[in-house]
Amino acid sequence: MKTVGRNTMCPCGSGKKYKRCCGMQTVESSPTTIIPSTVIPSLYQPLAAHGFPPWQVDEMIRFARQTRRAWLSS
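Below, the structure written as structure tokens:
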């Protein structure tokens with residue numbers, strides 16, 4: 000497997016450097032802020048079929064949790 004250098008463009012396609020994008024992901028995460036995609040396979044499996052990796056599903060869940068109050072109040 001080819002490794003990604005910290006100063007190269009991120010392979011996720013964001014246009015950011017790897018160190019400022021996917022390279023910033025921490026190994027430790029609080030279970031109260033991110034639900035691991037392994038806990039909800041019914042959500043992850045359809046997204047995986049479309050090419051979404053587990054970390055991206057976790058980020059979508061985190062984003063949804065952060066913005067749900069704004070959506071519910073509007």
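Following numbering that gives the first Met the number 0, the numbering of the sequence shown begins with 0 at its first residue and continues without gaps.
Just so you know, even glycine gets a beta-carbon here, dropped at the ideal spot from N, CA and C.
On a predicted model such as this, the values are computed, not experimentally measured, just so you know.
Straight-line Cα distance separating D57 from R19
Numbered from its first residue, the sequence shown carries residue 19 at position 20. Numbered from its first residue, the sequence shown carries residue 57 at position 58. Approximately 18 Å between the Cα atoms of the pair.
Specify the secondary structure class of K18 as computed by DSSP and reduced to three states.
Taking the sequence shown and counting its residues from 1, one reaches residue 18 at position 19. Correct three-state label for K18: helix.
State the Cα-Cα distance for the pair P53 and P10, rounded to the nearest angstrom.
On the sequence shown, position 54 is the one that residue 53 refers to. On the sequence shown, position 11 is the one that residue 10 refers to. Their backbone Cα atoms lie some 15 Å apart in a straight line.
Inter-residue CB distance, Y17 and T7 (contact presumed, cutoff 8 Å)
Reading the sequence shown from its first residue, position 18 is the one you call residue 17. Reading the sequence shown from its first residue, position 8 is the one you call residue 7. That pair is a contact at about 6 Å.
Residues near L46 by beta carbon distance below 6 Å, same chain, minus five either side:
Here residue 46 refers to the residue found at position 47 when the sequence shown is read from its first residue. Closer than 6 Å at the Cβ level, and outside the excluded window around L46, lie V56.
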